[in-house]
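Reviewing the structure listed below.
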Amino acid sequence: MARQAAYDYLIKLLMIGDSGVGKSCLLLRFSDDSFTTSFITTIGIDFKIKTVEIDGKRVKLQIWDTAGQERFRTITTAYYRGAMGILLVYDITDEQSFLNIRNWIRNIEQHASDSVQKILIGNKCDMTDDRIITKDRGQELADEYGIKFYETSAKTDTNVKEAFIAIATDIVEKKISMGDQPVGDRRPGGVNVNGGGGGKPNGRGCCK
Numbered sequence: 008m009a010r011q012a013a014y015d016y017l018i019k020l021l022m023i024g025d026s027g028v029g030k031s032c033l034l035l036r037f038s039d040d041s042f043t044t045s046f047i048t049t050i051g052i053d054f055k056i057k058t059v060e061i062d063g064k065r066v067k068l069q070i071w072d073t074a075g076q077e078r079f080r081t082i083t084t085a086y087y088r089g090a091m092g093i094l095l096v097y098d099i100t101d102e103q104s105f106l107n108i109r110n111w112i113r114n115i116e117q118h119a120s121d122s123v124q125k126i127l128i129g130n131k132c133d134m135t136d137d138r139i140i141t142k143d144r145g146q147e148l149a150d151e152y153g154i155k156f157y158e159t160s161a162k163t164d165t166n167v168k169e170a171f172i173a174i175a176t177d178i179v180e181k182k183i184s185m186g187d188q189p190v191g192d193r194r195p196g197g198v199n200v201n202g203g204g205g206g207k208p209n210g211r212g213c214c215k
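Going by this note's numbering, the sequence shown opens with residue 8, and the numbers climb by one from there.
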């Protein structure tokens, strides 16, 4: 029987963090290998798809980029439920974005699956002159929650792929260890990962 799927595993990732920390720039760098200085705030939710190879398996990553503003937080909670991995992003030049990581983790604990994988990302590490949060502080916070930590720069393409691949690898290895067969639970046209948040207004973000 011919294999129809173009991938072995479909993994749903969610990016969260304060507005302006660079979530959309990180996603653009990883998915399209590009960087833009024109900043457009994400409205609600947007996502991109990227297929990578991990441990000899083709893994389709569906990466959801959330709006960081408080008024959108009720929209984005619906997307926690479908996430297998969550990337918590702060800006190393912004103290408050770092302090707010604890609030974001509380949101995860309230809304996401208990088994969700998490990773902490300190973005804009190219801005050394403006750095406020030391790498040690980031590592200490990650250690406190028992999660991996990367400092990244979407601008210089530092550790961007490494961070996404790290969390995806953890999820794939967890699936394999639990006996999850490749594409065993795949549904036709399974692009809608909203995990029960279907009644929300148009899930795709728009720049206009």
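Every residue, glycine too, gets a C-beta built ideally from N, C-alpha and C.
Does residue i come out as helix, strand or coil in the three-state DSSP assignment?
i, result
"Ile126", "strand"
"Thr58", "strand"
"Ile18", "strand"
"Thr176", "helix"
If you drop the 5 nearest sequence neighbours on each side, which residues of the same chain put their C-beta closer than 6 Å to that of residue i?
i, result
"Gly191", "Note that Gly191 has pLDDT 48, beneath the 50 cutoff, so the model's placement of it is unreliable and the number below is only indicative. Nothing listed; no residue qualifies."
"Cys32", "Ala161"
"Asp177", "Gln124"
"Gly197", "Caution applies to Gly197, whose pLDDT of 40 falls short of 50 and renders its modelled position unreliable; the model cannot decide the point."
Between which two residues does the beta strand (DSSP E) carrying residue i extend?
i, result
"Arg36", "Here Arg36 belongs to no beta strand (DSSP E); instead the alpha helix (DSSP H) covers Lys30 to Asp39."
"Asp72", "Lys64 to Thr73"
"Ile93", "Gly92 to Asp98"
Is there a Cβ from chain B that is less than 8 Å from the Cβ of residue i?
i, result
"Phe105", "Note that chain B does not occur in the displayed structure, where there is just one protein chain."
Spell out the partners DSSP gives residue i in its beta bridges.
i, result
"Tyr157", "Ile128"
"Thr165", "Ser160"
What does a CB cutoff of less than 8 Å around residue i pick up in its chain, not counting 5 residues either side in sequence?
i, result
"Ile108", "Gly24, Leu95, Tyr97, Leu127 and Leu148"
"Asp133", "Ser160, Lys162, Thr163 and Thr165"
"Cys22", "Sequence check: residue 22 is Met here, not Cys. Here the set comprises Lys30, Leu33, Leu34, Ile70, Trp71, Asp72, Thr73, Ile93, Leu94 and Val96."
Identify the continuous alpha helix (DSSP H) that holds residue i and give its terminal residues.
i, result
"Gln188", "From DSSP, Gln188 is part of no alpha helix (DSSP H); its letter is neither H nor E."
"Ser104", "Glu102 to Leu106"
Return the chain-ordered list of same chain residues with a C-beta closer than 7 Å to the C-beta of residue i, the five sequence neighbours on each side being excluded.
i, result
"Phe100", "According to the sequence provided, residue 100 is Thr. The question's Phe does not apply to it. For Thr100, where only same-chain residues beyond five positions count, the Cβ hits under 7 Å are Lys131, Met134, Asp137, Arg138 and Ile139."
"Leu106", "none"
Would you mind listing the alpha helix (DSSP H) stretches within the region 108–154 that are 4+ residues and don't spill past its ends, in chain order?
Counting only runs of at least 4 residues, the region 108–154 fully encloses the following alpha helix (DSSP H) elements, listed from N- to C-terminal order: 108–118 and 142–152.
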